[in-house]
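The sequence shown: position 29 = 28 (numbering that gives the first Met the number 0), numbered continuously.
The next block holds one structure in the form of structure tokens; read it before the comments.
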Amino acid sequence: MTPAAGFVPPNDTQALRVGMTLFMDNTTTLSPKGRDAACVAVGAACVENFTPNAFNTPRAYINVTGSISHIVTYRITPDIAGLVAGTSYPYRLKYAYAQFSLDDWIKGSAGNWVRFGQHGTPWHDFEEGIYRYRFQGTIFAERGGYLSSADRGASFRYNFPSNWGDTHTGIYNGETYAANEVNQGKAWMTRVSFRPFARMDPLYRGLRVSMYYLNDRYQSAADLPAGTAQTGSAEKTRLIGAVTFEHANLNAAFQYLTTKDQTTTLGAAPLPFVREGKGYSIWAVPKQGAGNVGWEGLLRYDHLVPDTRSTVIPVTVVGSNPNNVTFEQQERNRFIAGIAYWLPHPAGAGTTAVLFDVDVLTTGPGVPDATGGISGLSGSSNAAPQGQANPSFAVSAPFLPTRTLKTFSVHLLVNF
0 MTPAAGFVPP NDTQALRVGM TLFMDNTTTL SPKGRDAACV AVGAACVENF
50 TPNAFNTPRA YINVTGSISH IVTYRITPDI AGLVAGTSYP YRLKYAYAQF
100 SLDDWIKGSA GNWVRFGQHG TPWHDFEEGI YRYRFQGTIF AERGGYLSSA
150 DRGASFRYNF PSNWGDTHTG IYNGETYAAN EVNQGKAWMT RVSFRPFARM
200 DPLYRGLRVS MYYLNDRYQS AADLPAGTAQ TGSAEKTRLI GAVTFEHANL
250 NAAFQYLTTK DQTTTLGAAP LPFVREGKGY SIWAVPKQGA GNVGWEGLLR
300 YDHLVPDTRS TVIPVTVVGS NPNNVTFEQQ ERNRFIAGIA YWLPHPAGAG
350 TTAVLFDVDV LTTGPGVPDA TGGISGLSGS SNAAPQGQAN PSFAVSAPFL
400 PTRTLKTFSV HLLVNF
């Protein structure tokens with residue numbers, strides 16, 4: 000049968016494509032100074048005596064993507080994990096999912112789909128589509144230890160007609176892609192983005208207002224052995240509100256984050272309570288012009304208060320907290336400034352970029368521990384400049400601050 004005039008049949012050609020993404024850098028820790036092996040052997044009397052410098056490979060994706068039909072596509076992506084002493088970078092699975100297009104059934108918009116498997120979470124897929132500097136370090140909420148870039152689950156994306164925005168919602172394990180499910184609960188994650196000026200001048204179309212919400216729970220009474228009597232909150236929530244702007248000469252964003260976490264596993268003493276955190280991030284990327292090539296700048300400031308309690312941190316040494324340091328004073332502030340050059344790629348869709356940046360992390364004061372030393376002045380001189388993972392959730396334990404960490408890095412991105 001000859002198709003009716005004007006009808007273009009869908010492309011059901013099966014395809015298999017292989018690509019890669021590499022992050023590489025050379026990072027110099029400007030402060031604090033480090034201690035070499037000979038100095039460490041001396042012990043506590045050794046004075047920090049050198050400036051740490053290292054070549055690193057934070058990411059090495061192998062992207063396998065393809066299509067079974069115009070409805071069914073897939074992606075499998077292994078990635079390296081952290082360097083293991085005495086060996087090398089072990090590989091682990093980052094993405095493995097099938098995607099089912101819904102465009103045959105949803106009229107008036109395109110790019111609608113359902114994903115099933117280990118895939119990107121709603122906020123990361125959105126922000127990293129605007130903020131191209133993942134190769135410098137993770138986005139604000141992930142760097143604070145509150146979100147993961149991928150998880151196992153099922154999700155749905157719908158594009159509003161006429162470019163008004165989109166929504167992405169899903170049910171995930173909630174334990175990140177690097178861990179197994181540990182309880183009966185599932186994490187609901189949803190993001191809604193809206194373009195208020197979608198039908199106006201192109202200058203204004205790049206403005207979007209977005210909300211993201213994650214609702215999950217830690218171990219609850221239902222997960223405990225029979226006969227265990229325990230009550231308390233198992234709450235785990237994340238709420239992000241953001242305003243983003245995209246233009247040929249500037250990408251920028253402001254976001255505000257609030258968090259709630261159960262801090263002690265149910266069944267353990269003392270009874271659990273909810274720890275609340277808050278913070279914001281603002282960044283701007285001035286660009287040379289359209290095409291996403293040429294020179295760009297990077298300016299970013301993160302402010303995070305992991306514990307908003309105004310109570311004084313309890314100590315085990317009488318009189319050892321004379322300044323009455325409170326939990327909310329243990330804030331984290333990060334400033335990033337850099338300049339990047341994105342190389343032209345006339346022969347295809349590959350991307351190469353070089354970034355020179357300074358990254359400065361300062362944290363709130365520590366408090367003396369039982370020995371009279373400073374609990375929280377962890378600041379090991381070889382601490383990774385990207386890292387500031389969520390520490391222990393013990394009731395009275397402060398978030399361990401580090402000494403001011405200042406690094407200078409040359410980052411390289413290769414994507415094909």
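Even for Gly, the Cβ is constructed at its ideal location relative to N, Cα and C.
Suppose you measure from the CA of residue i to the CA of residue j; what does that come to, to the nearest Å?
| i | j | result |
| --- | --- | --- |
| Arg16 | Leu297 | 32 Å |
| Gly152 | Tyr145 | 18 Å |
| Trp341 | Thr76 | 24 Å |
| Gly347 | Asn414 | 11 Å |
| Arg204 | Gln13 | 36 Å |
| Thr175 | His118 | 10 Å |
| Gly288 | Leu354 | 17 Å |
| Gly372 | Val324 | At Gly372, the pLDDT of 35 sits below 50, so the modelled position is not reliable; the number obtained from the coordinates is stated separately. Going from the Cα of Gly372 to the Cα of Val324 covers about 15 Å. |
| Leu256 | Ala37 | 44 Å |
| Gly278 | Asp102 | 38 Å |
| Ala53 | Thr361 | 21 Å |
| Glu275 | Leu303 | 11 Å |
| Val46 | Glu234 | 45 Å |
| Val284 | Asn250 | 5 Å |
| Ser147 | His123 | 8 Å |
| Val181 | Tyr96 | 21 Å |
| Gln328 | Arg216 | 27 Å |
| Arg299 | Ser68 | 42 Å |
| Arg402 | Asp78 | 31 Å |
Residue i: buried (16+ other C-beta within 10 angstroms of its C-beta) or exposed?
| i | result |
| --- | --- |
| Leu265 | Model confidence at Leu265 stands at a pLDDT of 46, short of 50, so the residue's coordinates are unreliable; what they give is reported in the following sentence. With 16 or more other Cβ atoms within 10 Å, it is buried. |
| Leu404 | buried |
| Leu202 | exposed |
| Val7 | exposed |
| Asn179 | exposed |
| Gln183 | exposed |
| Gly337 | buried |
| Tyr171 | buried |
| Tyr90 | exposed |
| Gly349 | exposed |
| Ser309 | exposed |
| Asp35 | exposed |
| Asp200 | exposed |
Can residue i and residue j be called in contact, C-beta distance under 8 Å?
| i | j | result |
| --- | --- | --- |
| Arg190 | His167 | yes |
| Arg58 | Thr28 | no |
| His410 | Asp358 | no |
| Gly169 | Met188 | yes |
| Ala149 | Lys106 | no |
| Gly56 | Tyr88 | Contrary to the premise, residue 56 reads as Thr rather than Gly in this sequence. The answer is yes: Cβ separation under 8 Å. |
| Ala109 | Asn162 | no |
| Thr282 | Ala247 | Before going further, note that residue 282 is Trp rather than Thr in the sequence given. Not in contact: Trp282 and Ala247 (Cβ atoms no closer than 8 Å). |
| Arg333 | Asp306 | no |
At the 8 Å Cβ level, is residue i part of the contact set with chain C, yes or no?
| i | result |
| --- | --- |
| Arg216 | The question asks about chain C, but that chain is absent: this structure has only one protein chain. |
Three-pair Cβ contact test at 8 Å for the region 230-250 versus the region 205-212: yes
Is the number of C-beta pairs between the region 135-145 and the region 106-117 that are closer than 8 Å three or more? no
Along the chain, which unbroken stretches of the beta strand (DSSP E) at least 3 residues long are found entirely within the region 59-130? 71-79, 90-100, 112-119
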